[in-house]
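So the sequence shown is numbered by the numbering used here: it starts at 1 and just counts up by one.
Glycine included, C-beta positions come from ideal geometry on N, C-alpha and C.
Contents: one structure, followed by commentary.
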Amino acid sequence: MNDATLAQVAARLRDAQAVFALTGSGISAESGLPTFRGVGGLWHNHRVEELASPEGFARDPALVWNWYNERAAVHRRAQPNAAHHALAQLEARVPHFTLATQNVDSLHRRAGSQHVLELHGSLREARCDRCAARRALADEGLPLDAIAHECGGRMRPDIVWFGESLPLDVWRAAELAAAHADLILVIGTSAIVYPAAALATQYNPRAFVAEINPEDTAISERVDATLRSPAAQALPALIERAFG
Ligand code: OAD
1 MNDATLAQVA ARLRDAQAVF ALTGSGISAE SGLPTFRGVG GLWHNHRVEE
51 LASPEGFARD PALVWNWYNE RAAVHRRAQP NAAHHALAQL EARVPHFTLA
101 TQNVDSLHRR AGSQHVLELH GSLREARCDR CAARRALADE GLPLDAIAHE
151 CGGRMRPDIV WFGESLPLDV WRAAELAAAH ADLILVIGTS AIVYPAAALA
201 TQYNPRAFVA EINPEDTAIS ERVDATLRSP AAQALPALIE RAFG
């Protein structure tokens, strides 16, 4: 990690009145959870249209639930890492701090972040695709014999699939926070899935945008600073440098 860049972003963080943080699956990599793209990524080994689309769910709900039940179990076994904890600390420190995540793993909440905008929903609950009834997922996930709901609909994971809209209230809150931030931190996302990726660079020409990611991304050329480092190293180092 470049020390001059760390100092530059730390100075912005110290002076910021409003910070907007956007996270993706890379922030949970050091908790042992796979990302989506690239070798070893979830979409490298699985067919996204089967597992993450309303059409795939309609075709084979049991296949889809088996996969999400397994993912939910993996999430429960994982622990938040130093990057999740660092963002929870920032929430308490910065006057106006908003955290929006594309992740459905609940690790930000478990690290102590109080207000998390979950842009793609979460794997804590199932909801009916007809009447919107909800049900918490138990440790073993949703039993397959509970997929059929009494109203005639089907219980589905409470997450956003490809081709679906983001929850409107969550999206509006994220747009607003991105538009009013002095500093935008983009952490552990390839920034290619829209509309979430737009929050990084398209809502606020005035904000200083810093990316934390060990690899180049779709927005690397457009950000003001890049910390090329795993999030669990970069975020604690950034807070230490900014607030000492
Ligand atoms: P991707 O798999 O597209 O990108 C993960 C990013 O994390 C990459 O840019 C990696 O370089 C980076 N990364 C890996 N290890 C890291 C580390 N230790 N610290 C920081 N960054 C690291 O995943 P997302 O951008 O999260 O959507 O994908 C966005 C959306 O696509 C997901 O929310 C999901 C997926 O399909 C839905 O399911 C709707």
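Contact between the region 50 to 67 and the region 221 to 232 is not established, with fewer than three Cβ pairs separated by less than 8 Å.
Beta-bridge partners of residue 19 (DSSP): 97, 183.
When rounded, the separation of the alpha-carbon atoms in residue 219 and residue 126 is 33 Å. An exposed status is given to residue 176, since fewer than 16 other beta-carbon atoms sit within 10 Å of its beta-carbon. When secondary structure is reduced to three states using DSSP, residue 142 falls in the coil class, being assigned neither helix nor strand. The residue from 138, 44, 159 with its alpha-carbon nearest to that of residue 129 is 159. Per DSSP, the unbroken alpha helix (DSSP H) holding residue 64 starts and ends at 61 to 77. Residue 132 places its beta carbon 8 Å or farther from that of residue 232. Taking the Cα positions, residue 113 is about 7 Å away from residue 87. Excluding the 5 residues flanking it on each side, residue 35 has same chain C-beta neighbours closer than 7 Å at 25, 26, 29, 41, in chain order. DSSP places residue 55 in the helix class (H, G or I) of the three-state scheme.
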